[in-house]
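A quick write-up on the structure given underneath.
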Amino acid sequence: MSEHPSEASAVYLRLKKLFGGSSARTAKAQRGRRGGEPGSEPFGAGRDPRGLGSVMDALTTDLGWDSELDKAELIGAWSELVGESTAAKSQPLGIEDGVLTVQCDSTAWATQLRIMRVELLTAIAQRYPRAGIQSIRFNGPDVPSWKYGRRSAQWRGPRDTYG
């Protein structure tokens, strides 16, 4: 044998020196001696079963669904939040850009809920903090508009005709 390594051996040794020289086989063997990845041992720590609730909480947090779930829960629990009598006269329509839109049966109910806006926002912030509700908009009843046609005039409108 010659004293000088072949060109292929020289290239191999140089690359091994540059890039660390651990092969996949040796890295796997070292990992096996260290204990592997967490939870990979059959009876090690961290292998206890977890409840379905904690798994679902972790999943919704990881996927970023917390805010959307709080918004849906807020709309679903509207009657618990405002009370049965108020919920019978108002219905949440949706949440867009931090604004909860509520449709009321009459303008009187819309006015009454506008007066209660601060209390409602406080209760929402306490019960559903991840929903991100900044404001509440209360709409009166859907009334027909009389501003169509050639002979329509600008005037004050129907006011409380329908409520």
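This note's numbering numbers the first residue of the sequence shown as 1 and each following residue consecutively.
Note that the Cβ used here is the ideal one computed from N, Cα and C, for glycine as well.
According to DSSP, residues forming a beta bridge with residue i
i, result
"Thr86", "Answer by DSSP bridge pairing: none, since Thr86 is not bridged."
"Val102", "Pro92, Phe138"
Residue range of the unbroken beta strand (DSSP E) whose run includes residue i
i, result
"Arg117", "No beta strand (DSSP E) holds Arg117; the alpha helix (DSSP H) holding it covers 117 to 127."
"Arg14", "Where Arg14 is concerned, there is no enclosing beta strand (DSSP E), although the alpha helix (DSSP H) it sits in stretches over 7 to 18."
Other residues of its chain near residue i: CB distance less than 6 Å, five sequence neighbours each side excluded
i, result
"Ala131", "Asp70, Lys71, Leu74"
"Gln103", "Gln91, Leu93, Asn139"
"Ser79", "Ala87"
"Gly83", "none"
"Gly76", "none"
Buried or exposed (CB count within 10 angstroms, at least 16 for buried), residue i
i, result
"Ile115", "exposed"
"Tyr128", "buried"
"Ala110", "buried"
"Leu63", "exposed"
"Val99", "exposed"
"Leu52", "exposed"
Cβ neighbours of residue i in the same chain (closer than 7 Å, five flanking residues each side left out)
i, result
"Thr60", "Asp66, Leu69"
"Gln126", "none"
Within 9 Å, strictly: CB atoms of residue i and residue j
i, j, result
"Glu124", "Thr101", "Note on identity: in this sequence residue 124 is Ile, with Glu being the wrong assignment. Going by C-beta atoms, Ile124 is not nearer than 9 Å to Thr101."
"Ser106", "Gly140", "yes"
"Pro5", "Leu13", "yes"
"Leu81", "Leu120", "yes"
Residue i: first and last residue of the uninterrupted alpha helix (DSSP H) it sits in
i, result
"Asp57", "52 to 63"
"Ala77", "Segment: none, Ala77 is in no alpha helix (DSSP H) and carries neither H nor E."
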